[in-house]
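Asks: Numbering of the sequence shown is given in our numbering, commencing with residue 18 and proceeding in unit increments.
Just so it is clear, CB atoms sit at the ideal spot from N, CA and C, and this is done for glycine as well.
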Amino acid sequence: MRAAVVERFGSLVNVEERAVPQPGPGQVLVRLETCGLCHTDIHAMNGDWPVKPALPLVPGHEGVGIVEQLGDGVTGRTVGQRVAMPWLGRACGDCRYCVDGRENLCEKQDNNGYGVDGAYAEYMIADARFAVPVPDGVTAVDAAPLTFAGVTTYAAVKNARVVPGETVAVFGVGGLGHLAVQYARLVGARVIAVDVTEEKLRMAAELGADHVVDARSTDPVEAIRRLGGADAAIVLAVAPTVFRQAFDALNRGGRLVLVSLPADGELTIPIFDTVLKGISVIGSIVGTRQDLADVFALHALGRTRVITETRDLADVNHCVGEVLAGRVPARLVFAYRTADPASRETPVTAHV
Ligand code: ZN
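1) If we ignore side chains and look at the alpha-carbon of each, how far apart do Ala160 and Val333 end up?
2) Ends of the beta strand (DSSP E) at His228?
3) Quick check for students: name the residue ranges of the beta strand (DSSP E) that lie wholly in the stretch 125-160, counting only runs of 3 or more.
4) Below 6 Å CB to CB, which residues in the same chain sit around Ala352 once its five sequence neighbours on both sides are set aside?
5) Just to confirm the assignment, what range does the beta strand (DSSP E) spanning Asn31 have?
6) Using only the heavy atoms of ligand 1, determine whether one of them is closer than 7 Å to the beta carbon of His338.
7) Whole angstroms is fine: what's the gap from Ser28's alpha carbon to Lys175's?
8) State the Cα-Cα distance for the pair Phe313 and Val151, rounded to the nearest angstrom.
9) Let's test the definition: count the other Cβ atoms within 10 Å of the Cβ of Val96 and tell me whether it reaches 16, buried, or not, exposed.
10) Which of the three DSSP states, helix, strand or coil, is assigned to Thr68?
11) Among all residues, which have a Cβ less than 7 Å from at least one non-hydrogen atom of ligand 1, and in what chain order do they fall?
12) Based on the DSSP secondary-structure assignment, which residues constitute the bridge partners of Leu74?
13) With the cut-off set at 8 Å, would you say Val255 and Val168 are in Cβ contact?
14) How big is the Cα-Cα spacing for Gly80 and Gln199?
15) Determine whether the beta carbon atoms of Arg207 and Thr184 lie at a separation below 8 Å.
16) Using beta-carbon positions only, say whether Val23 and Leu74 come within less than 8 Å of one another.
17) Residues in the same chain with beta-carbon distance under 7 Å from Val149, minus the five sequence neighbours each way, listed in chain order, please.
18) Please list the terminal residues of the continuous alpha helix (DSSP H) segment that includes Asp308.
19) Rounded to whole angstroms, what's the CA-CA distance from Ile93 to Thr57? Just pull it up for me.
20) State the Cα-Cα distance for the pair Pro40 and Gly300, rounded to the nearest angstrom.
21) Mapping DSSP to helix, strand and coil, what is Gly189?
22) If I follow the unbroken alpha helix (DSSP H) through Ala172, where does it start and stop?
23) From the DSSP secondary-structure annotation, give me the bridge partner or partners of Glu85.
24) From Val369 to Lys217, what does the alpha carbon distance come to, in whole angstroms?
25) As a quick exercise: from Ala263, Ile83, Gly154 and Asp111, pick the residue whose alpha carbon is nearest that of Gln98.
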């Protein structure tokens, strides 16, 4: 199988041939159809964050594919079923967080494409319980961004505790933001989208943002205040200035929801204003399997749109450049030749 492998931090990714892996007990082998390219993958390639992945690593936490083989003891998944492999590749199932419905906070979790090999490959191994079924009516291409960008922003909107009629400001409308705008609308909020790219702001407006603010030409704090202020601000951009802008744009009782992870960043906010205004600062990390199931169900109902462009895995390094240059409207998705069995160049049956 082809796989894109990070051998050294900060260097180009190698696309190479590897043996198809074998599923162990409780695991499934998935023939991948698609995988989205997330900025998180670029952080993994560069070893940007304090906790670094072990190398060599196959990135990718927006994998979608077809279950091809079941490991011993797997009962909840069937061969031929379409599943998604999100960032949360496995959680322990027994700790206080797993038991009370916050498995995304489990301290013994494995993360696909970071702690364990992910979906920048034609096949991957997944823990069967954490390979989330993709319902009929959701294509493999649409399912890929929903698997991380979708579930992460869906959970952020939930964590923001938005009620109908409130105003939500979304800072950064790329892969995550274009979905955040839609989830904020779905819960009845008035939505203000903030970005520095005209094309992305146009996309946000098309997807239902009530107001857009170009932070290059306008002070977003002033612009949002003129519109009545924000009751929740969801930060999806990584520029250091954005976090403080989001805080300053909040009304009394406002919620600052932090999602994006700059390589290294600290937030300085005034305690006086935070206390007097009753502001909440909330960290929001991905979502649970049920959140992802809800995201897929909403998409199958036609409530969300996913904006993608497909690419070949062989072009992974070029694609990284495209993302870093901000030339990608929302999400790049790798579509694999193994996606359609009829189009396989060589039979890939040796492992069966
Ligand atoms: Zn746990």
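Replies: According to the data block:
1) By 1-based counting over the sequence shown, the position of residue 160 is 143. By 1-based counting over the sequence shown, the position of residue 333 is 316. If you take the alpha carbons of Ala160 and Val333, they lie about 20 Å apart.
2) As a position in the sequence shown, residue 228 is number 211, starting the count at 1. His228 to Asp231 is the extent of the beta strand (DSSP E) around His228.
3) You should have 140-144.
4) Counting from 1 along the sequence shown, the entry for residue 352 is found at position 335. Close CB contacts of Ala352 within its chain, under the 6 Å cut and outside five residues either way in sequence, are with Thr51 and Thr327 (chain order).
5) In the sequence shown, the residue the question calls residue 31 occupies position 14. Asn31 to Glu34 is the extent of the beta strand (DSSP E) around Asn31.
6) Locating residue 338 in the sequence shown gives position 321, counting from the first residue. Note that residue 338 corresponds to Gly in the displayed sequence, not to His. For Gly338, the shortest C-beta to heavy atom distance toward ligand 1 is 7 Å or greater.
7) As a first step, residue 28 is located in the sequence shown; it is residue number 11 there, counting from the start. As a first step, residue 175 is located in the sequence shown; it is residue number 158 there, counting from the start. Cα to Cα, the separation comes out at about 37 Å.
8) Here residue 313 is taken as the residue at index 296 of the sequence shown, counted from 1. Here residue 151 is taken as the residue at index 134 of the sequence shown, counted from 1. Distance between the alpha carbons of Phe313 and Val151: 7 Å.
9) Position 79 of the sequence shown holds residue 96. By the neighbour-count rule (16 or more Cβ atoms within 10 Å), Val96 is not buried but exposed.
10) Walking along the sequence shown from the start, residue 68 turns up at place 51. The sequence given here places Val at residue 68; Thr does not occur at that position. In this structure, Val68 counts as coil in the three-state DSSP scheme.
11) Working through the chain, the matches are Ala108, Cys109, Gly110, Asp111, Cys112, Tyr114, Cys115, Glu120, Cys123, Glu124, Lys125 and Gln126.
12) Counting from 1 along the sequence shown, the entry for residue 74 is found at position 57. The secondary-structure analysis by DSSP pairs Leu74 across a beta bridge with Val23.
13) Here residue 255 refers to the residue found at position 238 of the sequence shown. Here residue 168 refers to the residue found at position 151 of the sequence shown. No, the Cβ-Cβ distance between Val255 and Val168 is not below 8 Å.
14) Here residue 80 corresponds to residue number 63 of the sequence shown, with the count starting at 1. Here residue 199 corresponds to residue number 182 of the sequence shown, with the count starting at 1. Taking the straight line from one Cα to the other gives about 22 Å.
15) As a position in the sequence shown, residue 207 is number 190, starting the count at 1. As a position in the sequence shown, residue 184 is number 167, starting the count at 1. Taking a C-beta distance under 8 Å as the contact criterion, Arg207 and Thr184 qualify as a contact pair.
16) The sequence position of residue 23 within the sequence shown is 6, counting from 1. The sequence position of residue 74 within the sequence shown is 57, counting from 1. Closer than 8 Å, so yes.
17) One-based indexing of the sequence shown puts residue 149 at position 132. Once the five neighbours on either side are set aside, the close Cβ partners of Val149 are Val100, Ala101, Pro103, Arg306, Leu309 and Ala310.
18) Taking the first residue of the sequence shown as 1, we reach residue 308 at position 291. Here the alpha helix (DSSP H) through Asp308 covers Arg306 to Ala317.
19) Position 76 of the sequence shown holds residue 93. Position 40 of the sequence shown holds residue 57. For the record, residue 93 in the displayed sequence is Gly; it is not Ile. Between Gly93 and Thr57, the C-alpha separation is close to 30 Å.
20) Here residue 40 refers to the residue found at position 23 of the sequence shown. Here residue 300 refers to the residue found at position 283 of the sequence shown. Taking the straight line from one Cα to the other gives about 34 Å.
21) Mapped onto the sequence shown, residue 189 falls at position 172. The answer is coil: DSSP assigns Gly189 none of H, G, I, E or B.
22) Taking the sequence shown and counting its residues from 1, one reaches residue 172 at position 155. Counting along the chain, the alpha helix (DSSP H) containing Ala172 begins and ends at Val168 to Asn176.
23) Walking along the sequence shown from the start, residue 85 turns up at place 68. Answer is none; Glu85 lacks a bridge partner.
24) Taking the sequence shown and counting its residues from 1, one reaches residue 369 at position 352. Taking the sequence shown and counting its residues from 1, one reaches residue 217 at position 200. Because the pLDDT of Val369 is 31, which lies under 50, any placement of that residue in the model is unreliable, and the question is left without a value.
25) On the sequence shown, residue 98 is found 81 positions in, with the first residue counted as 1. Taking the Cα of Gln98 as reference, the smallest distance to any Cα among Ala263, Ile83, Gly154 and Asp111 is reached at Ile83.
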